[in-house]
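Colleague:
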Amino acid sequence: MNFSNQLKKRARSERAAALITVFWLIAVLSLLIFTTVRVLRNDVRLTISQKKAFRATQLAEMGIAVGVNPSTKEIDYLLLNRQISDDEHFNVKIRGEGGKFNINAILQQAGEGDTLLEDIFAQWLSGTDEAFAEREFRDLASALVDALRDWVDPDDLAGLNGAENEYYFELGYENYPFNRPFYSLDEILLVRGMDQVIAAKRNWRDFFTIYSGGKLDMNEADAEAIALATGADIESAQELVELRWGPDKIDDTEDDYKFNSLAEVFSILGVLEDPILQSRLTLNDNTKRIESIGTVGDFRKKIEIVIRTQGRTPQILSREEVPLFD
Ligand SMILES: [Ca+2]
Ligand SMILES: [Ca+2]
Numbered sequence: 015m016n017f018s019n020q021l022k023k024r025a026r027s028e029r030a031a032a033l034i035t036v037f038w039l040i041a042v043l044s045l046l047i048f049t050t051v052r053v054l055r056n057d058v059r060l061t062i063s064q065k066k067a068f069r070a071t072q073l074a075e076m077g078i079a080v081g082v083n084p085s086t087k088e089i090d091y092l093l094l095n096r097q098i099s100d101d102e103h104f105n106v107k108i109r110g111e112g113g114k115f116n117i118n119a120i121l122q123q124a125g126e127g128d129t130l131l132e133d134i135f136a137q138w139l140s141g142t143d144e145a146f147a148e149r150e151f152r153d154l155a156s157a158l159v160d161a162l163r164d165w166v167d168p169d170d171l172a173g174l175n176g177a178e179n180e181y182y183f184e185l186g187y188e189n190y191p192f193n194r195p196f197y198s199l200d201e202i203l204l205v206r207g208m209d210q211v212i213a214a215k216r217n218w219r220d221f222f223t224i225y226s227g228g229k230l231d232m233n234e235a236d237a238e239a240i241a242l243a244t245g246a247d248i249e250s251a252q253e254l255v256e257l258r259w260g261p262d263k264i265d266d267t268e269d270d271y272k273f274n275s276l277a278e279v280f281s282i283l284g285v286l287e288d289p290i291l292q293s294r295l296t297l298n299d300n301t302k303r304i305e306s307i308g309t310v311g312d313f314r315k316k317i318e319i320v321i322r323t324q325g326r327t328p329q330i331l332s333r334e335e336v337p338l339f340d
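Everything in the sequence shown is counted per the numbering used here, starting at 15 for the first residue and increasing by one.
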């Protein structure tokens, strides 16, 4: 009797153990299936986003192809903003690169006694909270320009308040300055004191280029740059920009106006003509920046190129894919 009870008890506990094992196996299998499905779903998602990103780049390239065509103009809205399908389109913007100050040209070609760069820096620095006198801003600005000149000139002779290898070497930079023109705006950050300009003017990059013909294009520059280049007040500079927009007051439309003479520009700005001002300005720089954004659903890619057109053949000066943040 005792023996048979013991046998029954043992059989029961074995069945229970088997049941637990089965449950455990089911749990493990479920987890495995769940994980596999998750991984597959992520794979599919990744593939879809890679496809969309690739397509967005293709669309941006299509926009660039339209933009570089010499017969395409800034005012060709329908050509430059095209819907390809329900959720695919590209948008292209053509801007004159001459609307920015060419830092290399100013440093290398500015006429004797032209203080354009000092004026720009002094004005930006005086907008900071630092409690300096006007004189000190000018000294600071002039030392900055000396350091920039030394950076691009081929020799190792430091200017009055400049900085050549001797200065940078002590800081541990053996190969500074580069003693050649800037190849990118980023290189400007390496020059002594430029951190002060950057702190004073966060969007300083919007004002400079290394690609334009060299002079500021009065048919492309914005009001702030026009005021800096000519000494005009910002209201007159804004008036000049709005005249360019034409009667509809919208930029890049059929009725836009282009200035044909600097005399006209000076008279609107209320500035006296003088040889130094004239040497800073132009009315027809042929360098263009083309920005193209390709969009697929919520995916966007931006490509920016800079071209200079001589005759019928555009020459590409720079090309970059610019990250987009929303
Ligand atoms: Ca030098
Ligand atoms: Ca217009």
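By construction, the Cβ of each residue, glycine as well, lies at the ideal position given by its N, Cα and C atoms.
Keep in mind the model is a prediction, meaning the values are calculated, not measured.
What alpha helix (DSSP H) runs, 4 residues minimum, are completely inside the region 267 to 307?
Modeller: With a minimum length of 4 residues, the continuous alpha helix (DSSP H) runs that stay inside the region 267 to 307 are 276 to 283 and 289 to 294.
Colleague: Beta strand (DSSP E) containing LYS316: first to last residue?
Modeller: On the sequence shown, residue 316 is found 302 positions in, with the first residue counted as 1. 313 to 324 is the extent of the beta strand (DSSP E) around LYS316.
Colleague: So LEU73 and THR327 are in contact, right, with Cβ under 8 Å, and what is the actual spacing, rounded?
Modeller: Position 59 of the sequence shown, counted from the first residue, corresponds to residue 73. Position 313 of the sequence shown, counted from the first residue, corresponds to residue 327. Rounded, the Cβ-Cβ distance is 25 Å, inconsistent with contact.
Colleague: Bridge partners for PRO328 per DSSP, in chain order?
Modeller: In the sequence shown, counting from the first residue as 1, residue 328 sits at position 314. The partner list for PRO328 (beta bridge, DSSP) reads THR323.
Colleague: Decide if PHE7 is buried, meaning its Cβ has at least 16 other Cβ atoms within 10 Å, or exposed.
Modeller: Not covered by the structure: residue 7. The range shown for the chain is 15 to 340.
Colleague: Closer than 8 Å is the cut-off here; do at least three beta carbon pairs connect the region 193 to 212 with the region 232 to 240?
Modeller: Touching, no.
Colleague: Between the Cα of VAL255 and the Cα atoms of ASN233, VAL53, PHE135 and ALA70, which residue gives the shortest distance?
Modeller: By 1-based counting over the sequence shown, the position of residue 255 is 241. Nearest option by C-alpha distance: ASN233.
Colleague: At a cut-off of 7 Å, is ILE264 close to ligand 2 when judged by its beta-carbon and the heavy atoms of the ligand?
Modeller: Within the sequence shown, numbered from 1, the residue matching residue 264 stands at position 250. True, at least one ligand heavy atom lies under 7 Å from that Cβ.
Colleague: Could you tell me if ASN217 is buried or exposed, where buried requires 16 or more neighbouring beta carbons within 10 angstroms of its beta carbon?
Modeller: Reading the sequence shown from its first residue, position 203 is the one you call residue 217. Classification of ASN217: exposed, given that the 10 Å Cβ count is below 16.
Colleague: With which residues is LYS107 paired in a DSSP beta bridge?
Modeller: Within the sequence shown, the letter at position 93 stands for residue 107. Paired residue(s): GLU305.
Colleague: Where does LEU21 sit, in a helix, a strand or coil, going by DSSP?
Modeller: Taking the first residue of the sequence shown as 1, we reach residue 21 at position 7. Correct three-state label for LEU21: helix.
Colleague: Between which two residues does the alpha helix (DSSP H) containing SER250 stretch?
Modeller: The residue labelled residue 250 in the question sits at position 236 within the sequence shown. Segment 248 to 259, the alpha helix (DSSP H) holding SER250.
Colleague: ILE98 lies in the beta strand (DSSP E); which residues open and close that run?
Modeller: For the purposes of this step, residue 98 is taken as residue 84 along the sequence shown, with counting starting at 1. 95 to 99 is the extent of the beta strand (DSSP E) around ILE98.
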